[in-house]
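Residue numbers (numbering that gives the first Met the number 0), protein chains in the order written: chain A, 0 to 445; chain B, 0 to 285. C-beta atoms are modelled at their ideal positions from N, C-alpha and C, and glycine is treated no differently. To start, the structure itself, in structure tokens.
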Amino acid sequence: MSERVIPPKPLSFPGGIHPAKDGKGLTEHKAVEKAPLLEDYVVLVSQNVGAPPKVTVKKGDAVKKGDILAEAGGFVSAALHSPTSGVITDIGEAPGPMGVNVPAIFIKADGLDEWSDKLPAGLNWREASADELKSRIASSGIVGMGGAAFPTHVKLSPPPDKKIDCVILNGAECEPYLTADHRLMVETPERVLAGAAIMGKILGVENIAIGVELNKPDAIAALEARAQEYGVKIVGLKVQYPQGSEKQLIYAITGRCVPTGGLPMDAGCVVQNVATAAAIYDAVAEGHPLIERVVTITGDIVVNPGNYLVRIGTPVIKLVEWASGVKSEPRKLILGGPMMGFAQKSYNVPVSKNTSGVLLLGGAEIIQYESSSCIRCGMCVRGCPMHLSPGPLSMLIENEKFDLAGQNHVMDCLECGACAYACPAHRPLVQHMRRAKAEIRRAGKK
Amino acid sequence: MGTTILVAILFTGVIALLLGIIIGVVSKLFSVPSDPRVELVLGLLPGANCGGCGKAGCADFAKAVVAGECPPNKCPVSSSEQVSSIARALGIEAGSEFRQKAVVLCGGDVNQMKMLTLYNGVSDCVSASMIGGGPKSCAYGCLGMGSCARSCPFGAIEMINNLAVVHAELCVGCGACVKTCPRNLIKLVPADSEVHIYCSSPVKAPLKRQVCNVPCIGCRKCMKSGEEGQFEVDGFKIKVAYDHQPLPGAEVVDAASCPTGCLLTEKQHLAIERAEKPVVEEEVAS
Numbered sequence: 000m001s002e003r004v005i006p007p008k009p010l011s012f013p014g015g016i017h018p019a020k021d022g023k024g025l026t027e028h029k030a031v032e033k034a035p036l037l038e039d040y041v042v043l044v045s046q047n048v049g050a051p052p053k054v055t056v057k058k059g060d061a062v063k064k065g066d067i068l069a070e071a072g073g074f075v076s077a078a079l080h081s082p083t084s085g086v087i088t089d090i091g092e093a094p095g096p097m098g099v100n101v102p103a104i105f106i107k108a109d110g111l112d113e114w115s116d117k118l119p120a121g122l123n124w125r126e127a128s129a130d131e132l133k134s135r136i137a138s139s140g141i142v143g144m145g146g147a148a149f150p151t152h153v154k155l156s157p158p159p160d161k162k163i164d165c166v167i168l169n170g171a172e173c174e175p176y177l178t179a180d181h182r183l184m185v186e187t188p189e190r191v192l193a194g195a196a197i198m199g200k201i202l203g204v205e206n207i208a209i210g211v212e213l214n215k216p217d218a219i220a221a222l223e224a225r226a227q228e229y230g231v232k233i234v235g236l237k238v239q240y241p242q243g244s245e246k247q248l249i250y251a252i253t254g255r256c257v258p259t260g261g262l263p264m265d266a267g268c269v270v271q272n273v274a275t276a277a278a279i280y281d282a283v284a285e286g287h288p289l290i291e292r293v294v295t296i297t298g299d300i301v302v303n304p305g306n307y308l309v310r311i312g313t314p315v316i317k318l319v320e321w322a323s324g325v326k327s328e329p330r331k332l333i334l335g336g337p338m339m340g341f342a343q344k345s346y347n348v349p350v351s352k353n354t355s356g357v358l359l360l361g362g363a364e365i366i367q368y369e370s371s372s373c374i375r376c377g378m379c380v381r382g383c384p385m386h387l388s389p390g391p392l393s394m395l396i397e398n399e400k401f402d403l404a405g406q407n408h409v410m411d412c413l414e415c416g417a418c419a420y421a422c423p424a425h426r427p428l429v430q431h432m433r434r435a436k437a438e439i440r441r442a443g444k445k
Numbered sequence: 000m001g002t003t004i005l006v007a008i009l010f011t012g013v014i015a016l017l018l019g020i021i022i023g024v025v026s027k028l029f030s031v032p033s034d035p036r037v038e039l040v041l042g043l044l045p046g047a048n049c050g051g052c053g054k055a056g057c058a059d060f061a062k063a064v065v066a067g068e069c070p071p072n073k074c075p076v077s078s079s080e081q082v083s084s085i086a087r088a089l090g091i092e093a094g095s096e097f098r099q100k101a102v103v104l105c106g107g108d109v110n111q112m113k114m115l116t117l118y119n120g121v122s123d124c125v126s127a128s129m130i131g132g133g134p135k136s137c138a139y140g141c142l143g144m145g146s147c148a149r150s151c152p153f154g155a156i157e158m159i160n161n162l163a164v165v166h167a168e169l170c171v172g173c174g175a176c177v178k179t180c181p182r183n184l185i186k187l188v189p190a191d192s193e194v195h196i197y198c199s200s201p202v203k204a205p206l207k208r209q210v211c212n213v214p215c216i217g218c219r220k221c222m223k224s225g226e227e228g229q230f231e232v233d234g235f236k237i238k239v240a241y242d243h244q245p246l247p248g249a250e251v252v253d254a255a256s257c258p259t260g261c262l263l264t265e266k267q268h269l270a271i272e273r274a275e276k277p278v279v280e281e282e283v284a285s
């Protein structure tokens, strides 16, 4: 009699959804291509959470690739570097990813693409001190490249009363359609692993894990092949959205809960994206600041979807051109993934440090619906990874009862969109949550 | 059997009598003296509770008027006859009258502006302004989702072709809409003003031209045409100097012959918005 082997349940978190169509097949086997050099770049000044950096260049200045364009405007801020060599043609306004015009630096490339001679030399991270490594990360302008754009050196400087014993890298890439992190892990696992080890060294932590969803077996294999050298554990995770959200990832891997209103450091963890880790490795080992990243350009209507290594400041329209355009008229342009990305009005919006994907949706992928009243089915409650009740909350918010929404923990909402995806009445739940969060923050400031 | 019914009736009767006495005594003991004049003034007020006077409602306003804290003409809804009847009832001065009305300073309906994206979200201007500023091309124009129209207690704002338009004859100038507009497009202006520049965008003219057919491009043609002081420059646009004497309406518009057509009388503005035009085809992005 043979024994039945029951495979262990993959690690996950309560709640969440699994989109029926994840669209990853469009690009997950396409190697990252290096994008050609452009003539014009538009670098948005504020690409990080926190204080916007202070512009240090002026119109007419000649810059080299990697030269500082703007210095960090405070501790929670990140420097900005030139994506190529050329001349600053203007400092003005350009369409930003949030739909409004924001300050930007316009650069005309000279085509030489020369590295600046002011860049620091590469360090051997195994020998360098923690402070040296940390200041290198800060001066390289590295921010969280998963989407939040939180300055990385701040996350790596926890206050002394918070004990960090765990560094977690997010390779879950739970957003449908996006495969930028996936390709990064498959193609250059050593950069990701070394970046993780550098973070472990800075924080003095031995316990380093990379969480990867089980739908990326090639990425898990590539990482695992070299993981021993760097002392990193690779953890397979259930394919569930939003597995890549900090709090969910911490719960899935360590079983710890981040308290309401708290940060990962309250659970003894620091969470970083795998792309951030790769950027950290580049900054430390080669001295290169963060000026390029992998971006997925995808969607059913894109002729040749793929992954590109593009410079920060590349207008989205160029990515569409590289992907050989579209088959039919797109109805929605989204920066980021379909769940948490932001719909854009203009193709001229440039790629920022946190742009992981460019999504063009059209045809049957866009359903224009009428939202109706809540039917109290509870699908949103089941979907919410934060144990909120989005339906009742949305009703409170529709009636502008923001204080009651606050008492019901609307501030814990991470805007993942699982509730709105699950809602059979097509209620715009996330938009309601965003409104309430903004109103509560505004009331708190007064 | 008969006695049971009798006892029950007697019992409830006694309880009712007792409770009645208690209520009577308590109401005498704890009575709050109320001014009959407040009731009188409240009866003369419109009772819309719009808050346009700055008080919590009509009852609060009536108390303030009786207490002499507030002249009766502070009520923006009451006509001058109603105000003077309140003043007569109380034997006080009515105060000189200054009436206002609201105007939405934007002419960008769906025919004049592009719809840049598909908007599927909450039909509320504040929510829309938080996610990339809604679907319309101008970042300073009317969002067209009717938050102001819903806030108006008098139904004076109509949404025509995705643009809020105030019907001056219904507007009492309470200012409820001014607070709701996330783009601050609604201004309170003197009720006798006729001509407005329907644009609030502070950006340079070429940028406005890209997003709208009827922007104020700040050409100053209007300033040169009419009387001095009727218009003033405000950044990259012109605004009507409302504290100047009232403008003689259509003549000013004719004399100025605004090249973009954003300087209009209210009547002309309404007529344009109502006119049927072919809707500009939806464009995803410029």
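| Check | Outcome |
| --- | --- |
| For Glu38 (chain A) and Pro158 (chain A), the rounded distance between their alpha carbons | 44 Å |
| Continuous beta strand (DSSP E) stretch holding Lys236 (chain B): start and end | 236–239 |
| Those runs of the alpha helix (DSSP H) which lie wholly inside the stretch 43–109 of chain B and span at least 4 residues | 57–65, 79–89 |
| Proximity test, Cβ basis, 8 Å: Thr116 (chain B) and chain A | yes |
| Proximal chain B residues relative to Asn100 (chain A), where beta-carbon distance stays under 9 Å | Ala138, Val202, Leu206 |
| Through-space distance from His431 (chain A) to Glu397 (chain A), alpha-carbon basis | 7 Å |
| Contact with chain B by Met394 (chain A), beta-carbon distance below 8 Å | no |
| Between the CA atoms of His80 (chain A) and Ser193 (chain A) - distance to the nearest angstrom | The question names Ser, but residue 193 (chain A) in the sequence shown is Ala. The straight-line gap from Cα to Cα measures roughly 23 Å. |
| Rounded straight-line distance, which links the Cα of Arg182 (chain B) to that of Ala148 (chain B) | 14 Å |
| 8 Å Cβ cutoff, Ala284 (chain B) in contact with chain A | Caution is warranted here: a pLDDT of 40 is assigned to Ala284 (chain B), below 50, making its placement in the model unreliable, and no coordinate value can be reported. |
| Collapsed DSSP secondary structure at Tyr346 (chain A) in the structure displayed | coil |
| Whole-number beta carbon distance between Gly172 (chain B) and Ala101 (chain B), since they are thought to touch under 8 Å | 6 Å |
| Buried versus exposed call for Pro314 (chain A) [16 or more other C-beta atoms within 10 Å across all chains shown] | buried |
| Interface positions of the stretch 174–191 of chain B facing chain A (Cβ-Cβ less than 7 Å), listed along the chain | none |
| Residue-level contact to chain B via CB, Met97 (chain A), 8 Å cutoff | yes |
| Partners in chain A for Gly107 (chain B), counting only beta-carbon separations shorter than 8 Å | Going along chain A, no residue has its Cβ under 8 Å from Gly107 (chain B), so there is no contact; the nearest lies around 15 Å. |
| Residues within the stretch 416–438 of chain A neighbouring chain B, beta-carbon criterion of under 8 Å | Pro427, Gln430, His431, Arg433, Arg434, Ala437 |
| Reduced DSSP category for Thr11 (chain B) - H, G, I as helix; E, B as strand; rest coil | helix |
| Candidates A:Asn206, A:Ala424, A:Tyr346, of which the one nearest Arg375 (chain A) by Cα | A:Ala424 |
| Own chain, CB closer than 7 Å to Gly29 (chain A), minus 5 neighbours either side, in chain order | Reading off the sequence shown, one finds Lys at residue 29 (chain A), where the question assumed Gly. Here the set comprises Gly305, Asn306. |
| Cα-Cα separation between Lys54 (chain B) and Gly131 (chain B), rounded to whole angstroms | 35 Å |
| Neighbour flag for Met0 (chain B) against chain A, beta carbons, 8 Å | no |
| His431 (chain A) in three-state terms, based on DSSP | helix |
| Whether Ile85 (chain B) touches Leu43 (chain B) by CB criterion (8 Å) | yes |
| Three or more C-beta pairs below 8 Å linking the stretch 357–364 of chain A and the stretch 374–388 of chain A | no |
| Contact list for Gly132 (chain B) against chain A, beta-carbon separation under 7 Å | Gly98, Val99 |
| Close beta carbons around Ala447 (chain A), own chain, < 6 Å, minus the five adjacent residues each side | Lying before the first or after the last residue shown, residue 447 (chain A) is absent from chain A, which here runs from 0 to 445. |
| CB-CB length for Leu334 (chain A) against Val348 (chain A), believed under 8 Å | 7 Å |
| Lys444 (chain A) at chain B interface by Cβ criterion, 8 Å | no |
| Proximal residues to Ala249 (chain B) (C-beta, below 6 Å), its chain only, five neighbours per side dropped | Thr264 |
| Assigned exposure category for Phe230 (chain B) - 16 Cβ within 10 Å defines buried | buried |
| Listed by chain order, chain C residues near Phe341 (chain A) by CB distance under 9 Å | Protein chains A and B are contained in the structure displayed, whereas chain C is not. |
| Cβ neighbours of Gly336 (chain A) in the same chain (closer than 8 Å, five flanking residues each side left out) | Glu174, Pro175, Tyr176, Leu177, Ser355, Gly356, Leu358 |
| Within chain A, partners of Ser146 (chain B) - CB distance below 8 Å | Under the 8 Å cutoff, chain A gives no residues; its nearest Cβ is about 11 Å from Ser146 (chain B). |
| Short Cβ contact (8 Å threshold) for Asp60 (chain A) with Lys117 (chain A) | no |
| Residue burial classification, Val283 (chain B) (beta-carbon count within 10 angstroms, cutoff 16) | For Val283 (chain B), the predicted model reports a pLDDT of 43, less than 50, meaning its position is unreliable and no value from the coordinates is stated. |
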